[in-house]
Each structure stands twice: as structure tokens, then as C-alpha cells.
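Colleague: With the numbering used here applied, the sequence shown closes on residue 203, and no number is skipped along the way.
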Amino acid sequence: MPQIVLLTGFAPFGGEHTNPSWEVALQLDGHKFNGVAVKSMRLPVNCRRASQSVIDAIARFAPAAVVGLGQAGGRPVLSLEKIAINLADPHADRERDGGLQGKPVIAGAPDAYFTRLPLPAILRALKRHHIPAAVSLSAGVYVCNTVMYSALHTLRRRRTPAGFIHLPYEAAQAARHRAVASMALATMTAGIEIALETIARAL
Ligand code: PCA
1 MPQIVLLTGF APFGGEHTNP SWEVALQLDG HKFNGVAVKS MRLPVNCRRA
51 SQSVIDAIAR FAPAAVVGLG QAGGRPVLSL EKIAINLADP HADRERDGGL
101 QGKPVIAGAP DAYFTRLPLP AILRALKRHH IPAAVSLSAG VYVCNTVMYS
151 ALHTLRRRRT PAGFIHLPYE AAQAARHRAV ASMALATMTA GIEIALETIA
201 RAL
């Protein structure tokens, strides 16, 4: 079986008509990086179901790497997530104090995992190509963090590279909000291609 990298994106949520994470993942589906083919998958915006989908996909495809993408509306740059925590609040998108009602993503599992993506190399490559990006120390407590945590926990013994990158709103979304950060979809797609190239080279 050829090696694959599992690339996940999400359905639209919070009143949006699109989610840049799925737009980008869909564009890259089937692309090959260093002989590793991208398998893109759209996840529901639901902690329990998204977590189960990722765990099932890892069992089914035995990917060489897992890269999750998600929308972080309002963030100005590509956010390379450093940490996933064992806390999920299914209402975090609607509540100002998201996290207070949180429950473990996986009961009895460790409090947190660090990403296993080569963030310094990815950040260097993105900067070289003039794509705005930064390391982020919180993926939140909602579905994105849940997916990142589930992948890292599932793959903990295999040491498979896995991690998560949050994307800003795409420009067309931001046009419907008032003064909010955004990025062109083409720039985000180019950034994720560079990240995948860097990950595939390190496999
Ligand atoms: N972003 C949300 C969930 C789905 C998405 O694209 C998050 O940051 O958790």
C-alpha cells in the first residue's frame, strides 16, 4: 500500500458558509509529496464524532503522518499548534468561558501531548516563502484540539508525525465580518503544501 498522509479539514460552522480548512484539504487531495500521497477527509464539527472519525481513519489507512487543519476565525496567520490538551468543551464555540465545562477528550489519558510535526523546519520553510505563520501554544478546547489530541494519543506508540494547523478566515468570509483578519485561500493552500513537503521530506 502506498504511504499516505491523512489531511483533515472541517465542515463549516458558526454561521459560516465555508470552512477554509476543508477548502484547502480538498485542493490538496491526491497530491504527492516525496512519494507520499495526500488523503483528505472532511470531519464534522462535533467533538465526539470528529474524534472517532480520526481514530477510525488512522486504523484504516495507517498513515505515515496526520495533519489536521481547522479554522480559527480572527487569527491573523497560520497557527502551527504546539500542544493538544486532554480537555474538550462541546460548547466552547458559543461560550465566552469555554473550557469551564470541559471533560477529558480521552478519560485517563495524559493531560497533554506536544505536536510531533517538525514545527521549526515548517516555520522556516514558510518564512522563506513569505507566508505569515507562527507557533501557537493553544489549539483551544473545542473540536480542533480534540482531533489533534485524539490523533497524538492514538499514534503515541508508533511515534508517527501528527499535529494541527489552524487557518485564518479566508478573504471572502472576512468580507462579511467587520474588520477581522483574513488570508487568501491560495496563500493558505501554498502554506499547507510547504508544510506537507517539509513533513514528507523528514519521514
Ligand atoms: N475550527 C474549530 C472547530 C472546527 C474548526 O474548523 C476549532 O478551532 O476547534
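Beta carbons are placed, not taken as given, at the ideal position from N, Cα and C, and that holds for glycine.
Please read all numbers here as calculations on a predicted model, not as lab measurements.
Express the C-alpha separation of A121 and H91 in angstroms, rounding to a whole number.
Modeller: Counting from 1 along the sequence shown, the entry for residue 91 is found at position 91. Counting from 1 along the sequence shown, the entry for residue 121 is found at position 121. Cα to Cα, H91 sits roughly 34 Å from A121.
Colleague: Under DSSP, the beta strand (DSSP E) around Q71 begins and ends at which residues?
Modeller: Numbered from its first residue, the sequence shown carries residue 71 at position 71. Segment 65-71, the beta strand (DSSP E) holding Q71.
Colleague: Is D89 buried or exposed, if buried means 16 or more other CB atoms sit within 10 Å of its CB?
Modeller: Locating residue 89 in the sequence shown gives position 89, where the first residue counts as 1. When all chains shown are included, D89 counts as buried.
Colleague: L119 by DSSP, collapsed to three states: which one?
Modeller: Here residue 119 refers to the residue found at position 119 of the sequence shown. Note: L119 maps to helix in three-state DSSP.
Colleague: Compare the Cα-Cα distances from V147 to each of F164, S136, L137, R159 and report the closest residue.
Modeller: On the sequence shown, position 147 is the one that residue 147 refers to. For the residues F164, S136, L137, R159, the minimum Cα distance to V147 belongs to F164.
Colleague: Tell me whether the stretch 28-45 and the stretch 124-141 touch, counting them as touching only if at least three CB pairs, one residue from each stretch, are closer than 8 Å.
Modeller: no
Colleague: If you reduce the DSSP assignment to three classes, tell me which class L8 lands in.
Modeller: Residue numbering aside, residue 8 sits at position 8 when the sequence shown is read from its first letter. The sequence given here places Thr at residue 8; Leu does not occur at that position. Strand at T8.
Colleague: What is the DSSP secondary structure of V45, reduced to helix, strand or coil?
Modeller: Numbered from its first residue, the sequence shown carries residue 45 at position 45. It is coil, neither helix nor strand.
Colleague: May I ask you to list the residues that DSSP assigns as paired with H166?
Modeller: Locating residue 166 in the sequence shown gives position 166, where the first residue counts as 1. Its beta-bridge partners are G70, S79.
Colleague: Check the DSSP bridge columns for I85 and list the partner residues they point to.
Modeller: Counting from 1 along the sequence shown, the entry for residue 85 is found at position 85. Paired residues: A112.
Colleague: Would you check if the distance between the CB atom of L196 and the CB atom of A162 is smaller than 9 Å?
Modeller: As a working mapping, residue 196 is identified with position 196 in the sequence shown. As a working mapping, residue 162 is identified with position 162 in the sequence shown. Not a contact, by the Cβ cut-off of 9 Å.
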